[in-house]
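Position one of the sequence shown corresponds to residue 1 (full-length UniProt numbering), numbered consecutively onward.
Presented below is the structure to which this report refers.
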Amino acid sequence: MVEQNGGEFVREMMKWHFSPETGSPFWLKRAKTLDFDPLTDVRDFDDLGLFPNVVDELRDVGVRELIPLGYGDEHDARVYESGGTTGQPKRVMFTAEWERRSIEWFSERLDAHGVPRNIDWLSAVPSGPHNVGAMAAQTAAARGGLNFGIDLDPRWVKKLLAEGRRDMAGAYTDHLIEQIGYILSSQDVGVLFATPPMLEHLAQHDDLVELVNRKIRTIIWGGTHLDADTRDLLRDEVFPSTKLVGGYGSTMMLGTSVERPGLRDDEPCVFDSFAPYTTFRVIDPETGQVVPYGERGQVVVNHMSRAALLVNNIERDCATRIAPEAGSIGDSVADVAPVASFGGAAVIEGVY
Numbered sequence: 001m002v003e004q005n006g007g008e009f010v011r012e013m014m015k016w017h018f019s020p021e022t023g024s025p026f027w028l029k030r031a032k033t034l035d036f037d038p039l040t041d042v043r044d045f046d047d048l049g050l051f052p053n054v055v056d057e058l059r060d061v062g063v064r065e066l067i068p069l070g071y072g073d074e075h076d077a078r079v080y081e082s083g084g085t086t087g088q089p090k091r092v093m094f095t096a097e098w099e100r101r102s103i104e105w106f107s108e109r110l111d112a113h114g115v116p117r118n119i120d121w122l123s124a125v126p127s128g129p130h131n132v133g134a135m136a137a138q139t140a141a142a143r144g145g146l147n148f149g150i151d152l153d154p155r156w157v158k159k160l161l162a163e164g165r166r167d168m169a170g171a172y173t174d175h176l177i178e179q180i181g182y183i184l185s186s187q188d189v190g191v192l193f194a195t196p197p198m199l200e201h202l203a204q205h206d207d208l209v210e211l212v213n214r215k216i217r218t219i220i221w222g223g224t225h226l227d228a229d230t231r232d233l234l235r236d237e238v239f240p241s242t243k244l245v246g247g248y249g250s251t252m253m254l255g256t257s258v259e260r261p262g263l264r265d266d267e268p269c270v271f272d273s274f275a276p277y278t279t280f281r282v283i284d285p286e287t288g289q290v291v292p293y294g295e296r297g298q299v300v301v302n303h304m305s306r307a308a309l310l311v312n313n314i315e316r317d318c319a320t321r322i323a324p325e326a327g328s329i330g331d332s333v334a335d336v337a338p339v340a341s342f343g344g345a346a347v348i349e350g351v352y
C-alpha cells in the first residue's frame with residue numbers, strides 16, 4: 001500500500017532525479033529552466049502537474065543524457081523507440097533494474113489471470129527498437145517458455161496508410177499473417193501475443209482460427225485499441241477456446257498496464273497501472289481538471305522510477321475514468337481509444 005497521494009515515494013524520486021550525484025544530465029540541466037524547485041515544491045502526486053510535458057524533447061535529446069548518474073556504469077541500459085504514430089520517434093532507455101522489475105510485475109499479472117507457465121509464446125508485435133517485442137521475449141523466458149517472433153515494422157504500415165496506399169498496406173499485413181501461419185502450423189505454442197488488427201486479420205483465415213483454438217491457451221492483446229463489440233466477437237465466437245487478456249502500454253510509460261482480473265464478460269476492460277511507478281489521470285483536455293469516475297477524458301501518464309522521470313505526459317488516448325484497486329493511487333482506465341488527431345498530426349494506428 002502506498003501513502004495517500006504517494007508523498008514519501010514522490011519525494012524520494014525527486015531527490016534521486018534532481019540531486020547532482022544521482023540525477024540524469026537531462027533533468028539536471030532541465031531543472032534550471034523550471035519556475036519551481038522539484039526538491040522542495042513537489043511533495044506528492046498532485047504536485048506533478050507543475051512539470052512540463054517533455055516527451056517531445058525525446059525525439060532529439062542524446063539518449064545517454066537520460067541515464068541517471070546514480071547508476072554509475074552499472075545501468076546496463078537498453079534504448080527503445082516509440083512507434084512514430086505522431087511524428088519522428090521518441091527514445092527512452094530502460095535500465096536493467098527497471099526492465100527486470102517491469103517484467104516481474106507483468107508476469108505476476110498474467111499469473112492472476114491464470115496464464116499458464118512453461119509454455120512457448122508466439123509474439124506478433126513490433127521488435128527492433130520497440131520495447132514490446134523485447135518484453136514479450138523476456139516475459140516468455142521468465143515464465144519458462146521460448147518466444148517465437150515475426151518481423152513487424154509498424155512505421156511502414158502507418159506510412160503506407162498515410163499515403164493512401166491501402167493495397168500495399170494490405171499486402172504487408174498478408175505477409176505478417178503468413179509468418180504467423182508458419183509458426184502456428186509447425187510449433188507447439190500456447191500463448192499468442194498480438195495486436196487487435198492482427199487478431200482481426202487472423203479471424204479471416206479459417207485454418208489459422210482452427211490452429212489458434214486448438215493450440216493457444218491465452219491471447220494477450222495490446223498495442224492498438226479494441227472496442228467492446230469486437231472484443232466480445234473475438235472472445236465468444238472467433239476464439240472461444242482461448243482466454244483473452246488485454247494490455248495497455250506505450251514506450252513513454254516505460255511499460256504496460258494489464259487488464260484487471262476477475263471482470264465479468266459484460267463489464268468493460270479496465271486497465272490498472274503499475275503504481276506507484278506508472279500512474280494514470282483522466283482529465284478534461286479543455287480545463288485540465290480530473291473528470292468524475294465514469295466520465296471520459298484524455299489520459300495523462302506519470303512514470304517515476306530510478307530509471308526515468310516522465311511525468312504530466314498527455315497521451316494520444318481518451319478513456320473512461322475508473323477507481324483504482326484498493327490501496328493503489330491514480331486512476332484506472334477503461335474503453336481506451338485514440339483521439340482523432342494529436343500534436344497537429346492525424347493518429348494512424350495501422351497494425352500497432
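Note that CB positions come from ideal geometry on N, CA and C, so glycine has one too.
Every value quoted in this text rests on a predicted model; they were computed, and no experiment measured them.
Excluding the five sequence neighbours on either side, which residues of its own chain have a C-beta within less than 6 Å of the C-beta of residue i, listed in chain order?
i: R117; result: R143 and G144
i: D317; result: V299, V336 and P338
i: P25; result: E65
i: L160; result: M168 and A169
i: H17; result: G23, W27 and L309
i: A137; result: N147
i: V258; result: R109 and G247
Secondary structure at residue i, three-state DSSP: helix, strand or coil?
i: L176; result: helix
i: F106; result: helix
i: A124; result: strand
i: F148; result: strand
i: A326; result: coil
i: T320; result: strand
i: D37; result: coil
i: A308; result: coil
i: P154; result: helix
Among the options, which has the Cα closest to the Cα of residue i?
i: G49; options: C318, D331, A326 and N312; result: N312
i: D44; options: V291, V333 and P276; result: P276
i: I180; options: T279, H201, G297 and R165; result: H201
i: T287; options: G297, F280 and Y293; result: G297
i: R281; options: L254, P268, V238 and I329; result: I329
i: L263; options: Y293, K29, A334 and G149; result: A334
i: K15; options: R30, L211 and L39; result: L39
Compute the Euclidean distance between the alpha carbons of residue i and residue j, then round it to the nearest angstrom.
i: H113; j: P154; result: 28 Å
i: E178; j: K243; result: 23 Å
i: M252; j: G133; result: 15 Å
i: V245; j: A228; result: 13 Å
i: V54; j: D272; result: 24 Å
i: D188; j: A171; result: 27 Å
i: A203; j: D73; result: 48 Å
i: L310; j: V301; result: 8 Å
i: P81; j: I67; result: Going by the sequence as given, residue 81 is Glu instead of Pro. Cα-Cα distance, rounded: 15 Å.
i: S127; j: S186; result: 21 Å
i: P240; j: L184; result: 17 Å
i: V290; j: H205; result: 44 Å
i: P285; j: I314; result: 9 Å
i: G294; j: D266; result: 16 Å
i: A162; j: E21; result: 45 Å
So, for residue i: in the same chain, excluding its five sequence neighbours on each side, which residues have a beta-carbon less than 7 Å away from its beta-carbon?
i: E8; result: none
i: G223; result: V125, V132, T195 and Y352
i: T139; result: I103, F106 and S107
i: E97; result: R306 and A307
i: P261; result: A112 and H113
Between residue i and chain C, is the shortest Cβ-Cβ distance under 9 Å, so that the two count as touching?
i: K243; result: Chain labels in this structure do not include chain C; a single protein chain is all it has.
Kindly list the residues whose CB is nearer than 8 Å to the CB of residue i, restricted to its own chain and excluding five residues on each side of it in sequence; keep chain order.
i: G190; result: P116, I119, D120, W121, G145, K215, I216, R217 and T218
i: A141; result: N147
Contained beta strand (DSSP E) runs [length at least 3] in the UniProt domain "AMP-dependent synthetase/ligase" (187-302), N- to C-terminal order:
189-194, 218-221, 243-250, 255-259, 270-272 and 278-283
Go through the segment 49-120 residue by residue and report every complete run of the alpha helix (DSSP H) that reaches 4 residues or more, in order.
96-112
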